[in-house]
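Quick note on my numbering: the sequence shown kicks off at 56 and runs consecutively.
Down below is the structure, laid out as structure tokens.
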Amino acid sequence: MDHDPRVLVAGATGYIGRNLAVALHEAGFRVRALARDPRRLEPIRDACDEVFVGAATRPETLTGLCDGVDAVVSSIGLRTLRAKPTPEQVDLGANLNILDRARQAGVGRFFFVSVLHAAELAQRVPILRPREEFTRRLVDSGTGWTVLRPTGAFNDMGEIFRLAGRGAGMVFGDGHHRINPVHPRDIGDLVAASIRDDTRRDTEFGFGGPDTYTAAEIVELAQQVLGRRRRVLHIPFWPVRALAAALRPVNRNAAGFLTFFGESLRRDMVGAPIGHRRLADYFAALAAGTDTESR
Ligand SMILES: NC(=O)c1ccc[n+]([C@@H]2O[C@H](COP(=O)([O-])OP(=O)(O)OC[C@H]3O[C@@H](n4cnc5c(N)ncnc54)[C@H](OP(=O)(O)O)[C@@H]3O)[C@@H](O)[C@H]2O)c1
56 MDHDPRVLVA GATGYIGRNL AVALHEAGFR VRALARDPRR LEPIRDACDE
106 VFVGAATRPE TLTGLCDGVD AVVSSIGLRT LRAKPTPEQV DLGANLNILD
156 RARQAGVGRF FFVSVLHAAE LAQRVPILRP REEFTRRLVD SGTGWTVLRP
206 TGAFNDMGEI FRLAGRGAGM VFGDGHHRIN PVHPRDIGDL VAASIRDDTR
256 RDTEFGFGGP DTYTAAEIVE LAQQVLGRRR RVLHIPFWPV RALAAALRPV
306 NRNAAGFLTF FGESLRRDMV GAPIGHRRLA DYFAALAAGT DTESR
């Protein structure tokens, strides 16, 4: 590349994308951030060299989105308990619209943020299928592709921390399943290195952070950082399944995310360790009120 490489971050208004944008900007890339509401980029405005205002679900708003772009990274995805829109519209449709623009502009690399073990989980978790369908379409697109499959990110562990702070130390099942949560800034560092070295092209990569814990150990870590030791309650899985079944006829998204939540807690979610950001430091920053990256 004979110019400052330019990366489009689609999803830059969300938790993962925000951190991708900051990591890529710090690594020396020109970051073009896609936003349907640019005010949502306020927390990372210094990292956004360019802002493209458009709605990924509406292709008519995306003209020129990828012009002059060397690589695209998309973390666009649905994480809502509201009934609409559907994952077909967002996880599949919005990402296909971006891929179309990338192909038209001749972009060399497309990184897609999926989920660890999603292909396997999708058999029992229908809400993951549109994301897997997009993965298939990306692989067949002729564009250089990388499917990133992180395990749970620090923000989800933050919810466990907040519950522990309210005295509610609990795990589902016996709490022995393992996970190595990852900081999304480390995902951004991985993308930056992979663009620079032209590595991880046309491949999938399942990964997590540097430290592996059981679910029970994460609750204990939160309690330790908070300086309070309480008995950890074990909640059975059946209420999650029952609630998902009750919600399914009226709200497919809420039912789908509950099912995903339940299924991902019933297995190990450990990927190849990357990065250096540690969960214990994140919990300490939450306790001190100094965390600025996960809001
Ligand atoms: N966070 C995790 O723990 C985690 C772990 C592993 C994998 N992932 C994957 O990463 C993806 C993103 O996660 P996240 O935590 O960053 O989610 P998030 O904070 O909810 O961000 C989602 C992004 O998608 C955009 N989006 C959602 N609905 C849209 C729509 N209808 N039209 C246009 N844009 C839309 C959002 O834009 P607006 O801001 O405009 O709504 C936002 O930029 C997930 O879907 C998941 O597959 C997440």
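Heads up, the beta-carbon is just placed ideally off N, CA and C, and yes, glycines get one too.
Bear in mind that the values here come from a model prediction, so they are computed numbers and not experimental data.
Near ligand 1: residue i beta-carbon under 8 Å from a heavy atom
| i | result |
| --- | --- |
| P185 | no |
| Y70 | yes |
| P181 | no |
| L276 | no |
| N210 | yes |
| L154 | no |
| P239 | yes |
| G132 | yes |
| D92 | yes |
| L245 | no |
| D146 | yes |
| L171 | yes |
| G317 | no |
| V168 | yes |
Cβ-based burial, residue i [other Cβ within 10 Å; buried from 16]
| i | result |
| --- | --- |
| V108 | exposed |
| W200 | buried |
| L125 | Note that residue 125 is Asp in the sequence shown, not Leu. Buried: at least 16 other Cβ atoms inside 10 Å. |
| A173 | buried |
| T206 | buried |
| T314 | buried |
| T347 | exposed |
| G119 | exposed |
| A208 | buried |
| T190 | buried |
| D253 | exposed |
| V237 | buried |
Rounded Cβ spacing between residue i and residue j (contact assumed at less than 8 Å)
| i | j | result |
| --- | --- | --- |
| I131 | A111 | 5 Å |
| I153 | F227 | At roughly 35 Å, the Cβ-Cβ gap does not stay under 8 Å, so I153 and F227 are not in contact. |
| P239 | R333 | About 14 Å separates the two Cβ atoms, so there is no contact after all. |
| H232 | D323 | 5 Å |
Exercise. Quick one: which unbroken beta strand (DSSP E) runs of 3-plus residues sit fully inside the stretch 242 to 269? Chain order, please.
Key: Runs of the beta strand (DSSP E) inside the stretch 242 to 269: 258 to 263.
Exercise. Output the residue ranges of the alpha helix (DSSP H) runs that lie fully inside the stretch 94 to 174 and measure 4 residues or longer, sorted by chain position.
Key: Counting only unbroken stretches of 4 or more residues, the alpha helix (DSSP H) elements lying wholly within the stretch 94 to 174 are 150 to 159, in sequence order.
Quiz item: Are the stretch 178 to 191 and the stretch 140 to 160 touching, with three or more C-beta to C-beta distances below 8 Å?
Solution: Result yes; three or more Cβ-Cβ pairs closer than 8 Å.
Quiz prompt | Given 8 Å, three or more beta-carbon pairs between the stretch 244 to 255 and the stretch 301 to 314 | solution = No, the stretch 244 to 255 does not touch the stretch 301 to 314.
Practice problem: Scan the stretch 285 to 318 and note each continuous alpha helix (DSSP H) run of 4 residues or more that stays entirely inside, going in chain order. | Solution: Whole alpha helix (DSSP H) segments, 4+ residues: 293 to 302.
Quiz item: How about the stretch 255 to 268 and the stretch 213 to 227: do they share at least three Cβ pairs that are nearer than 8 Å?
Solution: These segments do not touch.
Quiz item: Is the stretch 56 to 67 touching the stretch 79 to 87, taking contact as three or more C-beta pairs under 8 Å?
Solution: With a cut-off of 8 Å, the stretch 79 to 87 and the stretch 56 to 67 count as touching, because enough Cβ pairs lie within range.
Practice problem: Check whether the stretch 273 to 287 touches the stretch 323 to 333, taking contact to mean three or more Cβ pairs, one atom from each stretch, closer than 8 Å. | Solution: The stretch 273 to 287, when compared against the stretch 323 to 333, does not touch it at the 8 Å Cβ threshold.
Practice problem: Let me know the alpha helix (DSSP H) ranges lying completely inside the stretch 199 to 244, each 4 residues or longer, listed in chain order. | Solution: Qualifying alpha helix (DSSP H) stretches, in chain order: 209 to 220.
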